[in-house]
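So the structure is just underneath, and the comments pick up after that.
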Amino acid sequence: MNTLLSLYKEASFIRAFELHIAVASEAGHVPGLVHLCSGAELVEVAICRSLTGPRDQVTGSHRSHGLALAMGADPVAVAAEILGRKGGLSKGRGGTQHLIAPERGFLASNGIVGAQVPVAAGAALTAKLMAAGGIAATFFGDGAANQGAVLETMNLAVSLNLPLLFVMENNGLGQSTSADYASGGADLCARAAAFGMKAERMDGYKGARAIKQSAEIIDYVRMSGKPAFIEANVPRLSGHYFGEKADYLAHHEADDPLEDLAESLDSGVAERVRLEAEQAAHDAVSDALNMGEAAPEKSAEVVL
Amino acid sequence: MNTLLSLYKEASFIRAFELHIAVASEAGHVPGLVHLCSGAELVEVAICRSLTGPRDQVTGSHRSHGLALAMGADPVAVAAEILGRKGGLSKGRGGTQHLIAPERGFLASNGIVGAQVPVAAGAALTAKLMAAGGIAATFFGDGAANQGAVLETMNLAVSLNLPLLFVMENNGLGQSTSADYASGGADLCARAAAFGMKAERMDGYKGARAIKQSAEIIDYVRMSGKPAFIEANVPRLSGHYFGEKADYLAHHEADDPLEDLAESLDSGVAERVRLEAEQAAHDAVSDALNMGEAAPEKSAEVVL
Amino acid sequence: MSEKTPLQMTIAQALNRAHHQILEAEPRAIVIGEDIVGGAGLDGKELGGVFGVTAGLASRFGTSRVIDTPISETAFVGMGLGAAMTGLKPIVEVMFCDFIGVCFDQILNQAAKARYLSGGRIDVPLVIRTTMGAGDGSAAMHSQSLHGLLASVPGLSVVCASTPSDAAGLLKSALAAPDPVIMLDHKGLYGMIGDVEADLPAVPIGRGRLVLKGSDITLVAIGEMLVRATKAAAQLAERGVSVEIIDPRSIQPLDTDMILTSLEKTKRLLVVDEGPSYGGFADRVIAVAACDGYSALSAAPQKLTPPHTPVPYGRLLEAAWLPSSEAIVSKIDEMMYEE
Amino acid sequence: MSEKTPLQMTIAQALNRAHHQILEAEPRAIVIGEDIVGGAGLDGKELGGVFGVTAGLASRFGTSRVIDTPISETAFVGMGLGAAMTGLKPIVEVMFCDFIGVCFDQILNQAAKARYLSGGRIDVPLVIRTTMGAGDGSAAMHSQSLHGLLASVPGLSVVCASTPSDAAGLLKSALAAPDPVIMLDHKGLYGMIGDVEADLPAVPIGRGRLVLKGSDITLVAIGEMLVRATKAAAQLAERGVSVEIIDPRSIQPLDTDMILTSLEKTKRLLVVDEGPSYGGFADRVIAVAACDGYSALSAAPQKLTPPHTPVPYGRLLEAAWLPSSEAIVSKIDEMMYEE
Ligand SMILES: Cc1ncc(C[n+]2csc(CCOP(=O)(O)OP(=O)(O)O)c2C)c(N)n1
Ligand SMILES: Cc1ncc(C[n+]2csc(CCOP(=O)(O)OP(=O)(O)O)c2C)c(N)n1
Ligand SMILES: [Mg+2]
Ligand SMILES: [Mg+2]
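Going down the list, the sequences are from chains A, B, C and D.
Remember, my numbering sits 569 above the position in the first sequence when you count from 1.
Remember, my numbering sits 569 above the position in the second sequence when you count from 1.
Remember, my numbering sits 9 above the position in the third sequence when you count from 1.
Remember, my numbering sits 9 above the position in the fourth sequence when you count from 1.
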């Protein structure tokens with residue numbers, strides 16, 4: 570399968586996965602609120618393609634379903650965790666905002682905006698000391714970019730020469746607040762560069778370029794042992810959380826990177842791939858749904 | 570008295586004040602460790618000259634004796650606070666790192682590196698809402714520049730358009746760590762500018778220029794209602810804290826801005842002014858020393 | 010007198026109304042937080058806060074007094090503090106109390122200590138509003154109950170309202186207080202309906218509320234645990250066990266008088282709390298009873314708290330983690346039986 | 010056997026020696042903090058830490074394992090956590106426990122919860138070393154005792170050593186533990202000299218130390234308060250009052266067995282602590298006694314803590330603020346007299 574098609578396949582799988590999580594949520598099967606990554610799949614898959622766990626480790630935000638999948642976490646276990654099922658990655662203890670699959674290179678996702686970023690610096694430090702060529706990458710949003718934890722870690726990574734890739738997904742929104750307002754119109758890519766890092770923009774609608782650019786910048790981090798920064802523009806296609814009545818977005822209609830990508834492919838092939846992905850995602854989520862709800866173990870308090 | 574001479578006078582007073590605090594410390598009259606501002610007086614006096622409390626409010630770091638004085642806090646009360654005496658600004662409750670004289674426009678100094686910076690944003694917000702032409706200024710070090718509190722506040726001030734002047738005194742050191750190491754060689758002034766602020770360097774050895782530059786930039790903050798940033802290079806002439814054995818500074822010998830300034834003045838006049846300042850500082854510290862030690866009040870637990 | 014006609018509304022509505030009244034009556038009052046206006050920089054409708062508590066404030070009082078912030082809790086809590094030290098009366102919203110970790114220095118060292126460090130000269134009329142509590146599948150970082158932890162910091166008052174009128178009334182008192190007050194709303198109770206007087210009278214900080222008179226055992230609880238305690242008490246009443254329930258409302262200062270007076274009568278104490286089993290609010294109340302009410306007690310004071318773990322995500326797990334009203338019933342049965 | 014010949018050294022020296030032994034024996038161990046090498050980027054001598062605890066480490070083990078950081082506690086505590094989650098064993102130094110405010114999220118939500126959130130799969134062998142305690146004129150933001158606050162967070166172990174051998178031994182156990190351990194050294198005790206065995210045997214976390222056998226009252230204390238308690242006990246012994254002193258060493262998990270066993274004998278409890286009077290470690294110990302040792306008690310358990318204010322600066326103020334050994338004597342006199 571050619572690169573673009575396989576990108577489309579993986580991204581479509583994530584899109585469909587989120588869709589089925591949304592369906593499960595509507596049906597009352599999800600314990601809390603879920604933040605879907607729809608719109609960012611392409612960027613996430615493109616970047617994670619150059620990362621291989623467990624040597625490389627990734628941390629993500631509250632919106633990390635797709636990222637965990639892109640790193641290769643078992644879709645059924647991811648879905649089961651989101652659904653609070655027995656077979657979840659963490660046996661339903663963590664949930665949607667706390668996906669953990671380090672064996673696949675997905676170290677953790679996080680409920681506290683920005684908090685995953687310092688943790689990734691630790692994975693980068695381990696990679697550096699182990700000297701086995703690994704790196705760490707951390708994904709966060711435009712809103713998180715204003716958190717002390719994120720800003721401090723940019724400086725720390727530069728100061729200590731950590732092989733750490735910062736990926737800011739700029740979807741223009743932090744909950745209901747525009748990125749422009751929250752950062753006073755500052756150019757967030759230039760701001761990261763000012764910390765002394767290589768910093769680049771990535772077009773979240775251009776799959777082929779994203780794959781190539783990711784490979785190059787990850788290679789740079791790997792070889793130089795230094796941090797780098799990517800600002801990727803992505804749309805937020807499904808509300809801050811699924812089900813949100815986002816009235817603050819009056820006339821907002823974003824293009825869909827996956828549709829754009831599909832257009833560049835042979836339409837018959839693309840459609841077949843999409844349907845397969847849809848089926849696979851459907852199966853994963855329903856397998857997870859069929860698992861029993863996570864329940865207390867008698868043994869230790871530690872894992873309740 | 571001409572501008573430079575009066576600058577010299579005020580700065581000399583602060584220098585002498587710190588000297589007498591050091592003497593008192595050696596004699597065992599200071600409860601804890603003191604961080605002297607020697608080397609930074611010129612910059613502090615020059616900037617505070619364009620600020621008038623209580624309309625304008627300033628916050629400072631652990632190294633704020635001079636700043637409180639530059640804003641016009643009563644030297645005896647400042648000394649008494651540092652010495653833990655009854656007549657201290659806060660009756661000896663706060664101490665050297667917690668000088669508070671808001672009636673003079675010195676809102677607070679702080680024991681937590683960087684923590685004074687968000688507080689100044691609050692003073693700036695009040696100034697903005699009161700619309701009486703006031704602004705806030707906050708002083709911090711090159712080490713503090715890497716704290717989340719400081720970085721977040723830069724963004725916040727830009728986002729909310731706060732009339733807040735950030736003053737970073739770059740003395741090249743955060744305790745025993747070089748600024749270059751701590752920020753990975755980043756240009757801290759450019760980094761601040763990248764947040765979307767007017768940002769300038771100030772030469773901490775050039776008194777006349779510092780006064781003019783301060784007046785201009787403070788005017789800018791006042792008129793525009795926007796934040797701005799100054800990076801001032803200053804030497805740290807007396808160790809991280811007074812009495813420190815700073816072996817990590819092998820061949821360090823910094824020029825003294827006050828000596829430079831004195832050279833540009835009529836030497837007889839300068840010497841006379843210096844001696845007067847020395848005498849006044851001596852008197853202030855000894856007046857404070859003669860006050861009784863701060864003691865518990867029977868009344869409320871609140872102020873012990 | 011028509012002002013005194015009670016209205017029915019939820020806690021969220023009562024808080025919203027109280028905000029409106031406060032901003033109307035006190036020109037120095039301002040509100041600061043994330044998405045409290047909502048839609049900043051966009052062209053749609055205001056969000057009015059994640060829980061609707063700040064709805065309508067911005068369009069009525071303007072965005073210079075109702076201020077949306079970047080996601081920078083340290084910076085904006087500190088900003089609230091600085092504003093309070095210079096003459097404003099800010100209500101700063103921290104969306105979930107779990108987020109205090111990212112701004113704890115501004116609470117622990119800055120807000121809590123400002124008055125003391127000024128030798129008592131500076132007023133710090135800062136209110137921090139936040140939410141607490143488990144039960145809605147929000148998992149480990151959006152469900153904690155940190156009221157006890159916050160209350161252990163000298164210089165802070167901490168209140169937790171469990172009815173609409175207390176919510177509004179405590180907010181008013183918090184705003185009027187010259188020192189920092191942290192108010193934690195239990196998320197599970199925002200929809201709870203109750204009577205409020207239209208003018209939302211202030212409720213004094215430091216005074217508990219006697220929820221239910223009883224004679225056999227004193228039960229202290231707040232928030233969702235108070236709801237469950239009340240349910241348990243009803244069940245127990247049918248079997249002739251008479252539970253006295255105290256809602257302390259204020260965690261610090263604590264109405265120790267009310268608790269001790271009750272113990273004089275009941276001689277038994279149970280604290281039910283969502284906070285940690287070790288070193289949390291429950292231990293604080295137990296210590297009051299043990300140190301100051303020892304002679305009144307006829308049996309060991311007891312607590313019912315979740316296991317000493319983070320809050321789990323899965324529904325069955327979370328349900329098992331939280332003390333249930335059944336668990337309260339059996340605990341009290343056990344305590345009554347033991348003597 | 011020569012390894013067992015006791016040596017005399019201070020707590021600071023014992024900790025320094027333990028660091029050397031740990032880095033020597035465990036290649037995955039690293040040390041992270043501010044100025045722990047000291048002089049980074051300069052051409053002078055290494056500082057070796059503000060209290061000398063990390064002296065000589067960098068020149069022996071290299072700056073890739075002994076890492077000076079910018080003043081960014083959130084970033085580097087988080088980095089320590091991430092490193093611990095991926096196979097290293099970091100000892101992260103936070104200079105003063107008062108600074109946990111600026112990095113509390115990484116402690117409260119990240120380090121403390123990582124194992125649980127992974128369903129138990131991930132080991133988090135992270136040690137956070139910090140200092141605590143008043144008494145040296147360091148004022149409100151360099152003198153706090155936050156051991157109780159930290160211990161209330163599920164997922165954290167907290168230890169406080171009060172002798173050189175316990176300091177070294179607890180550090181070793183902390184490093185070996187699969188979960189995060191926070192170790193707080195009392196600054197006032199760094200110079201305290203005591204016997205240590207040359208190989209610095211590990212001291213188990215969760216086990217207290219019986220400091221003094223006695224029969225009239227059980228006194229629980231750590232750090233400088235333990236020193237004062239011991240002094241008070243000597244005075245009381247002259248007058249025939251026999252005090253049993255327990256140094257819990259571990260705040261969480263707490264050796265409740267040792268405390269309860271002691272109470273069986275003495276029937277009275279006094280906790281002396283520098284932490285907050287409300288909701289601190291003292292309340293935690295009182296609650297153990299009240300809930301689980303009620304029948305053993307013959308009188309109300311009591312605590313002696315500072316006033317519920319920040320730590321004052323002036324010498325007389327600070328001295329008045331801290332419980333003195335005289336105050337301990339009179340408190341015990343009072344308690345013995347009351348019956
Ligand atoms: C410290 C903290 N503050 C606030 C929140 C509430 N919150 C969760 S997601 C979010 C918006 C984050 O925006 P961004 O970083 O751009 O990520 P996006 O949701 O757009 O992917 C907010 C405010 C939180 N979880 N943690
Ligand atoms: C949060 C925090 N971390 C560490 C310290 C200890 N500390 C006090 S001053 C200082 C160095 C500060 O350097 P800089 O900001 O450059 O100020 P300078 O001392 O050079 O004036 C450090 C590390 C502290 N007080 N607070
Ligand atoms: Mg966003
Ligand atoms: Mg400096």
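Beta carbons: idealized from backbone N, C-alpha and C, even for Gly.
- Message: Let me check one thing: in DSSP terms, what residues is C/T318 bridge-paired to?
- Response: Along the third sequence, read from residue 1 onward, the residue named residue 318 of chain C stands at position 309. Answer is none; C/T318 lacks a bridge partner.
- In whole angstroms, what is the alpha-carbon distance linking B/A763 and A/F764? As a first step, residue 763 of chain B must be located in the second sequence, where it is residue number 194. As a first step, residue 764 of chain A must be located in the first sequence, where it is residue number 195. In a straight line, the C-alpha of B/A763 is about 9 Å away from that of A/F764.
- Message: According to DSSP, is C/I214 part of a helix, a strand, or is it coil?
- Response: What you label residue 214 of chain C is simply residue 205 of the third sequence in a count that begins at 1. In this structure, C/I214 counts as coil in the three-state DSSP scheme.
- Item | Beta-bridge pairing of C/K312 - partner residues as DSSP gives them | Position 303 of the third sequence, counting from 1, holds the residue named residue 312 of chain C. C/K312 is bridged to C/V280.
- Query: Looking at the C-beta of C/A92, does it have a partner C-beta in chain B at a distance below 7 Å?
  - Reply: Locating residue 92 of chain C in the third sequence gives position 83, counting from the first residue. Closer than 7 Å: yes.
- Neighbourhood of B/L806 by C-beta distance below 6 Å, restricted to the same chain and skipping five residues each side: Your numbering for residue 806 of chain B matches position 237 in the second sequence. Cβ neighbours of B/L806 beyond the five flanking positions: S607, G608.
- Answer with yes or no whether the minimum CB distance from A/L605 to chain B is below 7 Å. Stepping through the first sequence from its first residue, residue 605 of chain A is reached at position 36. No, A/L605 lies away from the interface with chain B (no Cβ there is under 7 Å from its Cβ).
- Using a beta-carbon distance below 7 Å, is C/A84 in contact with chain B? The count along the third sequence starts at 1 and reaches residue 84 of chain C at position 75. Yes - at least one Cβ of chain B is within 7 Å of the one on C/A84.
- Query: For ligand 3, which residues count as neighbours when the test is a C-beta closer than 7 Å to any heavy atom?
  - Reply: A/G710, A/D711, A/G712, A/E738, A/N739, A/N740, A/G741, A/L742, A/G743, A/A748, A/R805
- Message: Our contact map puts A/A853 next to A/P644 with C-beta atoms below 8 Å; I'd like the distance itself, whole angstroms only.
- Response: Here the question's residue 853 of chain A lines up with position 284 in the first sequence. Here the question's residue 644 of chain A lines up with position 75 in the first sequence. Correct: roughly 4 Å between the Cβ atoms.
- Query: Secondary structure at D/Q22, three-state DSSP: helix, strand or coil?
  - Reply: Residue numbering aside, residue 22 of chain D sits at position 13 when the fourth sequence is read from its first letter. If DSSP states are grouped into helix, strand and coil, D/Q22 belongs with the helices.
- Same chain only: Cβ atoms within 7 Å of C/E55, ignoring 5 sequence neighbours per side: Looking up residue 55 of chain C in the third sequence gives position 46. Hits under 7 Å: V46, G47, G48, A67, S68.
- Message: Checking 7 Å against the spacing of the C-beta atoms, do D/M345 and D/Q311 come in under that value?
- Response: Residue 345 of chain D sits at position 336 when you count from the first residue of the fourth sequence. Residue 311 of chain D sits at position 302 when you count from the first residue of the fourth sequence. Not in contact: D/M345 and D/Q311 (Cβ atoms no closer than 7 Å).
- Message: Quick check: does the Cβ of C/V108 come within less than 6 Å of any heavy atom belonging to ligand 1?
- Response: The sequence position of residue 108 of chain C within the third sequence is 99, counting from 1. The amino acid occupying residue 108 of chain C in the given sequence is Phe; Val does not appear at that position. It does: the Cβ of C/F108 is within 6 Å (strictly closer) of some heavy atom of ligand 1.
- Task: Measuring only between beta-carbons, confirm whether C/S11 sits less than 7 Å from chain B.
- Result: Here residue 11 of chain C corresponds to residue number 2 of the third sequence, with the count starting at 1. In this prediction, C/S11 scores a pLDDT of 47, lower than 50, which makes its location untrustworthy; no coordinate-derived value is stated.
- Task: Work out the CA separation of D/A291 and D/S307 for me, nearest whole Å.
- Result: Counted from its first residue, the fourth sequence places residue 307 of chain D at position 298. Counted from its first residue, the fourth sequence places residue 291 of chain D at position 282. Near 19 Å, if we compare the C-alpha coordinates of D/A291 and D/S307.
- Around the C-beta of B/R624, are 16 or more other C-beta atoms found within 10 angstroms, so that it is buried, or is it exposed? The residue labelled residue 624 of chain B in the question sits at position 55 within the second sequence. Under this definition B/R624 is an exposed residue.
- Message: Helix, strand or coil for A/H598? Go by DSSP, reduced to three states.
- Response: In the first sequence, counting from the first residue as 1, residue 598 of chain A sits at position 29. In this structure, A/H598 counts as coil in the three-state DSSP scheme.
- Item | 8 Å Cβ shell around D/G58 - same chain, five flanking residues per side excluded | By 1-based counting over the fourth sequence, the position of residue 58 of chain D is 49. G42, D44, I45, G47, A64, E102.
- For the beta strand (DSSP E) that contains B/S678, what are its first and last residues? Mapped onto the second sequence, residue 678 of chain B falls at position 109. Here the beta strand (DSSP E) through B/S678 covers 675-678.
- Close beta carbons around C/P210, own chain, < 7 Å, minus the five adjacent residues each side: Your numbering for residue 210 of chain C matches position 201 in the third sequence. Hits under 7 Å: G178.
- Reference B/I669; option with closest CA among B/L652, B/A684, B/V682, B/V647: By 1-based counting over the second sequence, the position of residue 669 of chain B is 100. Measuring from the Cα of B/I669, the nearest candidate turns out to be B/V647.
- Host beta strand (DSSP E) of B/L733 (start-end): Counting from 1 along the second sequence, the entry for residue 733 of chain B is found at position 164. Where B/L733 is concerned, the enclosing beta strand (DSSP E) stretches over 733-739.
- First and last residue of the uninterrupted beta strand (DSSP E) at D/E206: On the fourth sequence, position 197 is the one that residue 206 of chain D refers to. It spans 202-206 - the beta strand (DSSP E) in which D/E206 sits, taken as one unbroken run.
- Message: Pop quiz: A/T722 and A/V682 are said to be a contact at Cβ under 8 Å. What is the actual Cβ separation, rounded to whole angstroms?
- Response: Here residue 722 of chain A corresponds to residue number 153 of the first sequence, with the count starting at 1. Here residue 682 of chain A corresponds to residue number 113 of the first sequence, with the count starting at 1. Contact doesn't hold; Cβ gap of about 13 Å is too wide.
- Message: Contact between the region 122-132 of chain C and the region 646-662 of chain B is defined here as three or more beta-carbon pairs at a separation below 8 Å; is this criterion met?
- Response: yes
- Task: May I ask you to check if the CB of D/M104 is nearer than 6 Å to at least one heavy atom of ligand 2?
- Result: Indexing the fourth sequence from 1 puts residue 104 of chain D at position 95. Yes, since a heavy atom of ligand 2 falls inside the 6 Å radius drawn around the Cβ of D/M104.
- What does a CB cutoff of less than 8 Å around D/T318 pick up in its chain, not counting 5 residues either side in sequence? Position 309 of the fourth sequence, counted from the first residue, corresponds to residue 318 of chain D. W330.
- Message: Give the list of continuous beta strand (DSSP E) stretches no shorter than 3 residues that lie fully inside the region 117-179 of chain C.
- Response: 136-141, 166-168
- Message: By the three-class DSSP mapping on this structure, what secondary structure does C/M10 have?
- Response: Sequence index remark: in the third sequence, residue 10 of chain C carries index 1 (1-based). With a pLDDT of 41 at C/M10, under the threshold of 50, the modelled position of this residue cannot be trusted; read the value that follows with caution. Coil.
- Do B/G712 and B/G743 have their CB atoms nearer than 7 Å? On the second sequence, residue 712 of chain B is found 143 positions in, with the first residue counted as 1. On the second sequence, residue 743 of chain B is found 174 positions in, with the first residue counted as 1. Yes. Within cutoff.
- Give the interface partners of B/H667 over in chain C, defined as CB-CB distance under 7 Å, in chain order. Looking up residue 667 of chain B in the second sequence gives position 98. Within chain C, the residues near B/H667 are L126.
- Query: Between the region 772-783 of chain A and the region 615-630 of chain A, are three or more C-beta pairs nearer than 8 Å?
  - Reply: yes
- D/M10 versus A/T695 - alpha carbon distance: One-based indexing of the fourth sequence puts residue 10 of chain D at position 1. One-based indexing of the first sequence puts residue 695 of chain A at position 126. For D/M10, the pLDDT reaches just 41, beneath the cut-off of 50, and the residue's location in the model is therefore unreliable, although a value from the coordinates is still provided. Cα-Cα distance, rounded: 38 Å.
- Taking only the alpha-carbon atoms, compute the straight-line gap between A/V871 and D/P163 and give it to the nearest angstrom. Along the first sequence, read from residue 1 onward, the residue named residue 871 of chain A stands at position 302. Along the fourth sequence, read from residue 1 onward, the residue named residue 163 of chain D stands at position 154. The predicted model places A/V871 with a pLDDT of 46, which falls under 50 and marks its position as unreliable; any figure quoted below should be read in that light. Those two C-alpha atoms are separated by around 9 Å.
- Message: I'd like the ranges of any alpha helix (DSSP H) spanning at least 4 consecutive residues and lying wholly in the region 64-93 of chain D.
- Response: 66-70
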